[in-house]
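Beneath this line is the structure, given in structure tokens, with notes to follow.
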Amino acid sequence: MRILMILLLATAAPALAEPTLLKPARVFDGEVMQTGWQVLVDGDRIVAAGAGVAAPAGAKIVELPGATLLPGLIEGHTHLFLHPYNETKWDDQVLHEPLALRTARATVSARKTLMAGFTTARDLGTEGAGYADVGLKAAIDQGIVPGPRLIVVTRAIVATGAYGPKGFEPGIAIPQGAEEASGEGVAAAARRQIAAGADAVKLYADYHWGPGEPSRPTFSQAELTSAIAAAHDAGRRVAVHASTPVGMRRAIVAGADTIEHGSEGDAAVFKLMRERGNVLCPTLAAGDAIARYRGWNGAEPAPPGVKDDREAFRLARAAGVAICMGGDVGVFSHGDNAREMELLVANGMSPVEVLRAATTVNARAFGLDDRGRIAPGLLADLVVVSGDPGRDIAAVRQVTMVMKGGIVQ
Ligand SMILES: [Zn+2]
Numbered sequence: 000m001r002i003l004m005i006l007l008l009a010t011a012a013p014a015l016a017e018p019t020l021l022k023p024a025r026v027f028d029g030e031v032m033q034t035g036w037q038v039l040v041d042g043d044r045i046v047a048a049g050a051g052v053a054a055p056a057g058a059k060i061v062e063l064p065g066a067t068l069l070p071g072l073i074e075g076h077t078h079l080f081l082h083p084y085n086e087t088k089w090d091d092q093v094l095h096e097p098l099a100l101r102t103a104r105a106t107v108s109a110r111k112t113l114m115a116g117f118t119t120a121r122d123l124g125t126e127g128a129g130y131a132d133v134g135l136k137a138a139i140d141q142g143i144v145p146g147p148r149l150i151v152v153t154r155a156i157v158a159t160g161a162y163g164p165k166g167f168e169p170g171i172a173i174p175q176g177a178e179e180a181s182g183e184g185v186a187a188a189a190r191r192q193i194a195a196g197a198d199a200v201k202l203y204a205d206y207h208w209g210p211g212e213p214s215r216p217t218f219s220q221a222e223l224t225s226a227i228a229a230a231h232d233a234g235r236r237v238a239v240h241a242s243t244p245v246g247m248r249r250a251i252v253a254g255a256d257t258i259e260h261g262s263e264g265d266a267a268v269f270k271l272m273r274e275r276g277n278v279l280c281p282t283l284a285a286g287d288a289i290a291r292y293r294g295w296n297g298a299e300p301a302p303p304g305v306k307d308d309r310e311a312f313r314l315a316r317a318a319g320v321a322i323c324m325g326g327d328v329g330v331f332s333h334g335d336n337a338r339e340m341e342l343l344v345a346n347g348m349s350p351v352e353v354l355r356a357a358t359t360v361n362a363r364a365f366g367l368d369d370r371g372r373i374a375p376g377l378l379a380d381l382v383v384v385s386g387d388p389g390r391d392i393a394a395v396r397q398v399t400m401v402m403k404g405g406i407v408q
């Protein structure tokens with residue numbers, strides 16, 4: 000059995016056998032669109048990139064006429080254990096779908112994400128599926144199922160009583176979509192999750208206490224500060240869900256690495272974000288999808304939720320806040336990750352700025368210094384698309400090749 004396994008491993012990695020020279024029409028290097036470049040891959044790394052890179056003896060040459068080569072894209076905000084709410088409501092996914100069903104579906108969602116060109120994804124909470132993301136990540140890393148390199152947070156951490164599902168007999172314990180904690184227990188929850196395999200920590204700084212209520216701050220400043228400090232001490236970055244100016248401000252002051260949504264952010268809070276260097280994941284695609292599930296056909300004027308997202312995004316950009324590319328996938332279909340990229344362009348970013356967000360900006364925000372650019376020594380995580388996404392961002396949907404660690408998927 001052991002001998003057979005070794006043979007299989009040897010034959011399953013053809014990319015290790017010979018260097019490969021990729022010759023596309025253009026290369027997005029993580030910062031700008033280059034023409035006349037070639038990229039040489041050997042083993043799991045990029046070994047050379049630029050104009051006039053020669054193929055070493057025995058190298059395989061891959062001609063990619065008309066195509067654009069990019070660093071493997073990085074999805075900044077996904078939930079592989081959720082599927083679109085117009086298929087099954089969030090409450091029903093959390094309460095009625097068995098863990099094995101959710102995990103089986105997550106493996107399919109992981110493959111769809113990878114084949115859409117996203118070789119890395121930050122999964123921001125299993126939403127009631129416990130620690131199954133840690134196992135899914137291991138299955139991907141061991142080559143059992145295909146998928147992106149994952150950054151997982153296990154269960155998001157919410158203030159006691161603040162999250163859902165809600166609406167049952169008061170006092171009865173109902174399974175929740177995240178881990179509840181208060182006081183010193185918030186930092187303890189972060190530490191337990193890190194011990195169980197969390198690569199990063201997700202906290203909710205605000206939420207709506209009941210249906211129809213606006214979002215209100217949940218964790219106190221002290222709770223956020225101690226939990227984020229505990230995560231940072233452990234070398235983990237922290238994503239904080241925050242929509243309200245008060246929740247955002249507390250998260251920013253506490254040292255959150257990324258703020259998720261920020262949909263009610265005002266000029267003052269975005270100015271503070273710019274000063275402190277926190278990155279915003281505006282998740283425009285989630286609000287857009289939810290509005291459509293409620294009957295919006297995309298015509299103007301947009302419903303209030305969509306308008307709020309757009310206005311906050313405009314203010315964040317005006318303040319010079321760094322923008323993460325992350326759509327809150329799972330609210331809408333896995334594999335349709337480009338939807339966020341298209342909405343970022345529709346709301347004012349240039350296609351090249353959006354390509355930077357999905358590569359260099361996300362890599363930096365998540366502490367991934369081995370990817371996000373095309374440069375010697377970095378991981379050979381690459382995607383080839385037909386056309387020029389630097390001119391028309393929709394070209395990122397025309398994926399013709401995905402390479403992860405030097406291996407064509
Ligand atoms: Zn989310």
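Every letter in the sequence shown is one number past the one before it in numbering that gives the first Met the number 0, and letter 169, counting from 1, is 168.
Glycine included, every Cβ here is placed at the ideal spot set by N, Cα and C.
Model, not experiment: these values are computed from the prediction.
Distance, residue j Cα to residue i Cα
| i | j | result |
| --- | --- | --- |
| residue 90 | residue 101 | 13 angstroms |
| residue 38 | residue 63 | 11 angstroms |
| residue 407 | residue 215 | 46 angstroms |
| residue 379 | residue 181 | 43 angstroms |
| residue 403 | residue 313 | 35 angstroms |
| residue 149 | residue 54 | 32 angstroms |
| residue 186 | residue 205 | 17 angstroms |
| residue 230 | residue 286 | 29 angstroms |
| residue 376 | residue 45 | 6 angstroms |
| residue 454 | residue 118 | Summary: the structure shown does not reach residue 454, with the chain confined to residues 0 through 408, and so no result is reported for it. |
| residue 142 | residue 307 | 42 angstroms |
| residue 11 | residue 259 | The pLDDT assigned to residue 11 is 45, lower than 50, so where the model puts this residue is not dependable, and the model offers no usable value. |
| residue 210 | residue 300 | 24 angstroms |
| residue 232 | residue 266 | 31 angstroms |
| residue 395 | residue 172 | 45 angstroms |
| residue 71 | residue 166 | 42 angstroms |
| residue 175 | residue 94 | 8 angstroms |
| residue 99 | residue 321 | 38 angstroms |
| residue 302 | residue 21 | 46 angstroms |
| residue 479 | residue 27 | This structure cannot speak to residue 479, because the chain is shown only from 0 to 408. |
| residue 125 | residue 291 | 24 angstroms |
| residue 254 | residue 228 | 8 angstroms |
| residue 382 | residue 30 | 15 angstroms |
Collapsed DSSP secondary structure at residue i in the structure displayed
| i | result |
| --- | --- |
| residue 225 | helix |
| residue 117 | strand |
| residue 76 | strand |
| residue 306 | helix |
| residue 279 | strand |
| residue 205 | strand |
| residue 216 | strand |
| residue 255 | coil |
| residue 11 | Because residue 11 sits at a pLDDT of 45, beneath the cut-off of 50, its placement in the model cannot be relied upon, and the following sentence gives the value as read from the coordinates. Of the three classes helix, strand and coil, the one that applies to residue 11 here is coil, per DSSP. |
| residue 265 | coil |
| residue 243 | coil |
| residue 289 | helix |
| residue 314 | helix |
| residue 238 | strand |
| residue 271 | helix |
| residue 112 | helix |
| residue 199 | strand |
| residue 327 | coil |
First and last residue of the uninterrupted beta strand (DSSP E) at residue i
| i | result |
| --- | --- |
| residue 149 | 148 to 151 |
| residue 156 | 156 to 158 |
| residue 178 | 178 to 180 |
Host alpha helix (DSSP H) of residue i (start-end)
| i | result |
| --- | --- |
| residue 188 | 184 to 194 |
| residue 139 | 131 to 140 |
### Task
Give every residue whose Cβ lies closer than 6 angstroms to any heavy atom of ligand 1, listed in chain order.
76, 78, 123, 327
### Query
Whole beta strand (DSSP E) runs in the region 330 to 406 with 3 or more residues, listed along the chain?
381 to 385, 398 to 403
### Query
Where in the region 22 to 106 do unbroken runs of the alpha helix (DSSP H), each at least 4 residues long, occur, reported from the N-terminal end onward?
89 to 95
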